[in-house]
Each structure stands twice: as structure tokens, then as C-alpha cells.
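Chemist: Following this message is one structure expressed as C-alpha cells.
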Amino acid sequence: MRRPSRTTAIRVAAMVGLVVIGRSLPAGGRAAPPGPPPHEIRPARVEIRPAPVETARAASQRILDAYASYPRIGPTEAEKSVRDLATTAAADRLAADLRADLARLAVGYAGGATQVWAGPLAIRETAVNQLVRREEVWFARVVVPPGRAPYVEWRLAVLGLVWERDRWRLDTFDESPGPRPAEMLGAPDSAVELIGRLDGFSAERS
């Protein structure tokens, strides 16, 4: 009686083992090879460099260059430009001053646009505080009125700049006669030659 019972137990154990093994195998009867480990996706490193900050000195030269272009581009574009250069508080005042200056220029030099080039010669900067700068710029301005001989002016501009909206912006602008060097010997260039040689030039910025 013992032997049949032991044999039966062995058979039952073998069948249970086969069922367990069968469940662990994929369809087809063979174990599948282990899959590759999951690939770790790492985001590419992007180096973000801060944009260079324009100095107040460079901003003063950029603003002088813009003012020199206003007689040529016309009052509408000139006013739009000066408003973009200005602080929020000074935009209306500077735009009104510019309109008056351009109106006087149109009356004085009628017959077309006046060509102007301004070249800075020396700059003195005063830091009023961290957000305010006073830029004094001695510059030469070449003026070519329509139908008239060209001439040069030696001017001193005083620009009050304020750091506003992530940029140095113009808050005050005053201009007066500056130191004047002695005239060079010889006759000046003609207007045609002067315009031909200076066309496309703008003030150098440091």
C-alpha cells in the first residue's frame, strides 16, 4: 500500500513542476533572451550665455548716431526712433523737442533732406549712481544742406542716461558749441565729393 501512494505523490509533484515551468516559458516553448537594459535618456546640456550688456558710453554714441540720421529719415520715423531710445518719462518731451528741431531745419534748409554725419571725438562719463549716467561727448558733425556747401560743426552733447527696461535710455539731451580746432589749410571738398565719400558711413562706437 505504501509504494503506490509514494509513486502517486511523485507523479503529482512532477506534474506540478511541469505546469510551473510551462507557465514561465513564452509561446513556442523556449525561454526568450533577456532584453537590453532600459536606455537612460539624458537631456543635452545647453549652455546659456548672458547677452553682453551695452555700456553707457557705447549707448551715448549709438544715440548720437541715431540723432544724426533724423534729418534724412523724416519726422515720423525720427519720432518713433527717439521714443524707443527714451525713458518712459522723457519720451513725450524728447519727441516734442525733436519735432521742433526738424521743423526749424526744414525752414532753414528747404529743398530736400539735409545729410548729417556725427563722429565722437572724446567722452567723459560721470556715474551719478548705479542706474544713472552723465555722458559728455565732444563730436564733429558734418552737415550737407540741400544745394549748399557742406560745413563742419564742433559740438558738445550732454546726455543723461537711465538704466530702464534692460537698457540705457535717454532721459535728457543738451547740446552746445564745443572746442573748435584750427581750420586745415586748403580748400574744402565739394558737396558732391563729400557725400560720395561719406555715404554709408556712421559714427564709430566703442
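Following this note's numbering, the numbering of the sequence shown begins with 2 at its first residue and continues without gaps. From the three backbone atoms N, C-alpha and C, an ideal C-beta is built for every residue, glycine too.
Thinking just about the alpha-carbon of each residue, which of Ser-191, Ala-101, Pro-146 is nearest to the one in Val-117?
Modeler: Sequence index remark: in the sequence shown, residue 117 carries index 116 (1-based). The candidate whose alpha carbon is nearest that of Val-117 is Pro-146.
Chemist: How about Gly-162 and Trp-139: are their beta carbons less than 9 Å apart?
Modeler: Locating residue 162 in the sequence shown gives position 161, counting from the first residue. Locating residue 139 in the sequence shown gives position 138, counting from the first residue. Sequence inspection shows Leu at residue 162; the Gly mentioned does not correspond to that position. The answer is no: Cβ separation not under 9 Å.
Chemist: Any idea if Val-144 is buried or exposed, counting beta-carbon neighbours within 10 angstroms, 16 or more meaning buried?
Modeler: Residue mapping note: residue 144 aligns to position 143 of the sequence shown, counting from 1. Looking at its Cβ environment, which holds 16 or more other Cβ atoms inside 10 Å, Val-144 is buried.
Chemist: Could you check whether the segment 95 to 102 touches the segment 73 to 86, counting it as contact only if at least three pairs of C-beta atoms, one from each stretch, sit closer than 8 Å?
Modeler: With a cut-off of 8 Å, the segment 73 to 86 and the segment 95 to 102 count as touching, because enough Cβ pairs lie within range.
Chemist: Which residues in the same chain have their Cβ closer than 6 Å to the Cβ of Thr-127, if we skip the five residues on either side of it in sequence?
Modeler: Position 126 of the sequence shown, counted from the first residue, corresponds to residue 127. Around Thr-127: Arg-135.
Chemist: Are the CB atoms of Ala-158 and Pro-189 nearer to each other than 9 Å?
Modeler: On the sequence shown, residue 158 is found 157 positions in, with the first residue counted as 1. On the sequence shown, residue 189 is found 188 positions in, with the first residue counted as 1. No, these two residues do not count as a Cβ contact at 9 Å.
Chemist: Excluding the 5 residues flanking Ala-91 on each side, which residues of the same chain have their C-beta closer than 6 Å to its C-beta?
Modeler: The residue you call residue 91 lines up with position 90 of the sequence shown. Asp-172, listed in sequence order.
Chemist: Under the rule that 16 or more other beta-carbon atoms within 10 Å means buried, what is Tyr-152, buried or exposed?
Modeler: Here residue 152 refers to the residue found at position 151 of the sequence shown. Tyr-152 comes out exposed.
Chemist: Under 9 Å, do Trp-164 and Arg-156 count as touching if we go by C-beta distance?
Modeler: For the purposes of this step, residue 164 is taken as the residue at position 163 of the sequence shown. For the purposes of this step, residue 156 is taken as the residue at position 155 of the sequence shown. No, the Cβ-Cβ distance between Trp-164 and Arg-156 is not below 9 Å.
Chemist: Spatial neighbours of Ala-244 within its chain, please: CB distance less than 7 Å, with the 5 preceding and 5 following residues excluded, ordered by chain position.
Modeler: The requested residue 244 is not part of the displayed model; the chain covers only 2 to 207.
Chemist: If you draw a straight line from the alpha carbon of Ala-79 to that of Ala-141, how long is it in whole angstroms?
Modeler: For the purposes of this step, residue 79 is identified with residue 78 of the sequence shown, where counting begins at 1. For the purposes of this step, residue 141 is identified with residue 140 of the sequence shown, where counting begins at 1. Taking the straight line joining both Cα atoms gives about 21 Å.
Chemist: Please check the pair Pro-72 and Ala-114, which I expect to be a contact at CB under 8 Å, by giving their CB distance rounded to whole angstroms.
Modeler: Against the sequence shown, residue 72 aligns to sequence position 71. Against the sequence shown, residue 114 aligns to sequence position 113. Correct: roughly 6 Å between the Cβ atoms.
Chemist: Does the beta-carbon of Ser-191 have 16 or more other beta-carbons within 10 angstroms, so that it is buried, or is it exposed?
Modeler: Walking along the sequence shown from the start, residue 191 turns up at place 190. Exposed, because fewer than 16 other Cβ atoms sit within 10 Å of the Cβ of Ser-191.
Chemist: Does the Cβ of Gln-62 have 16 or more other Cβ atoms within 10 Å, making it buried, or fewer, making it exposed?
Modeler: Taking the first residue of the sequence shown as 1, we reach residue 62 at position 61. It is buried - the Cβ of Gln-62 has at least 16 other Cβ atoms within 10 Å.
Chemist: What residues are listed by DSSP as bridge partners for Thr-173?
Modeler: Along the sequence shown, read from residue 1 onward, the residue named residue 173 stands at position 172. The partner list for Thr-173 (beta bridge, DSSP) reads Gly-161.
Chemist: For the alpha helix (DSSP H) that Pro-72 lies in, which residues bound it at each end?
Modeler: Reading the sequence shown from its first residue, position 71 is the one you call residue 72. From DSSP, the alpha helix (DSSP H) with Pro-72 extends over 57 to 74.
Chemist: For Ala-57, count the other beta carbons within 10 Å of its own beta carbon; 16 or more makes it buried, fewer makes it exposed. Which is it?
Modeler: For the purposes of this step, residue 57 is taken as the residue at position 56 of the sequence shown. Classification for Ala-57: buried.
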